[in-house]
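For the sequence shown, the tail end lands on 178 under UniProt numbering, and the numbers increase by one without skipping.
In this text, a Cβ means the ideal position worked out from N, Cα and C, and glycines have one as well.
Below you'll find the structure, written out as structure tokens, and then a few comments.
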Amino acid sequence: MITGGGSRNSVSGLLAEKILKQTLAELNQRGIEAQHVTHHLGEYAYDMAEMLSDDLPSTTLAEVFEDVRSATGIITVAPVFKASYSGVFKLFWDLTEDGDVENTPVLLAATGGSARHALVLDYALRPLFSYLGADSISRGVYATPDQVSDYDRQGQRVQARLMKASAELARKVAAAAS
Numbered sequence: 001m002i003t004g005g006g007s008r009n010s011v012s013g014l015l016a017e018k019i020l021k022q023t024l025a026e027l028n029q030r031g032i033e034a035q036h037v038t039h040h041l042g043e044y045a046y047d048m049a050e051m052l053s054d055d056l057p058s059t060t061l062a063e064v065f066e067d068v069r070s071a072t073g074i075i076t077v078a079p080v081f082k083a084s085y086s087g088v089f090k091l092f093w094d095l096t097e098d099g100d101v102e103n104t105p106v107l108l109a110a111t112g113g114s115a116r117h118a119l120v121l122d123y124a125l126r127p128l129f130s131y132l133g134a135d136s137i138s139r140g141v142y143a144t145p146d147q148v149s150d151y152d153r154q155g156q157r158v159q160a161r162l163m164k165a166s167a168e169l170a171r172k173v174a175a176a177a178s
């Protein structure tokens, strides 16, 4: 799981945890006990900046890239700033090698301050992952902070989308595992 937020407690991190929990439950129902790794990109910001000038990843960042390459499915959640994903999120995916996520099922999700940013899934994230060759699942999840924390009536809709997206990702991961 890759989140573009600064920490585990970011809104993106919280949404990612909800998606992960649901996806693991879906996989468990299919008899698959999945291993998972979580990376919050804010923790690697300095490593990524150094890689821009050195052209070599730090040992820590190299391990993150290896986790991405070896994943049978990826959940990625981007915070939205000024109508698109954050710079840290984009930088990470720019630094991956061609083919790292080729044909890998990816669940795209994003968080933003208001519903005005909901199209970020289709107009920013989906084109990025299409370029990377990922197998982006058809359903994405977008949520505001209130929806993630369940303080909003729309939170039920987000939960329904989250469940459908998680089920779709689990189906693709299960198919790849068989």
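Legend entry - Range covered by the alpha helix (DSSP H) that runs through P127: By one-based count along the sequence shown, residue 127 stands at place 127. That run of the alpha helix (DSSP H) goes R126 to Y131.
Legend entry - H39, DSSP secondary structure in three states: Within the sequence shown, the letter at position 39 stands for residue 39. H39 falls in the strand class under three-state DSSP.
Legend entry - Residue of S84, D94, A174 and I74 minimising C-alpha distance to L52: Taking the first residue of the sequence shown as 1, we reach residue 52 at position 52. Of the listed residues, the one whose Cα sits closest to L52 is D94.
Legend entry - Buried/exposed call for E26, threshold 16 Cβ in 10 Å: Here residue 26 refers to the residue found at position 26 when the sequence shown is read from its first residue. Buried, by the Cβ-count rule.
Legend entry - I142 versus E50: straight-line alpha-carbon distance, rounded: The residue you call residue 142 lines up with position 142 of the sequence shown. The residue you call residue 50 lines up with position 50 of the sequence shown. One detail in the question is off: residue 142 reads as Tyr in this sequence, not Ile. Cα to Cα, Y142 sits roughly 31 angstroms from E50.
Inset, instruction - Can you check the stretch 52-90 for any alpha helix (DSSP H) of at least 4 residues that lies completely inside it and give the ranges in chain order? - result: Listed in chain order, the alpha helix (DSSP H) elements of length 4 or more contained wholly in the stretch 52-90 are 59-70.
Legend entry - Cα-Cα separation between I137 and K172, rounded to whole angstroms: In the sequence shown, residue 137 corresponds to position 137, counting from 1. In the sequence shown, residue 172 corresponds to position 172, counting from 1. Per the coordinates, the alpha-carbon of I137 lies some 8 angstroms from the alpha-carbon of K172.
Inset, instruction - Please name the residue in T60, Y85, A170 and E66 whose C-alpha comes closest to that of R126. - result: Residue 126 sits at position 126 when you count from the first residue of the sequence shown. Closest option to R126, Cα to Cα, is Y85.
Legend entry - Sequence-distant residues of the same chain with beta carbon closer than 6 angstroms to T111, five excluded per side: Residue mapping note: residue 111 aligns to position 111 of the sequence shown, counting from 1. The answer, listed in chain order, is V11, S12, L15, P79 and A143.
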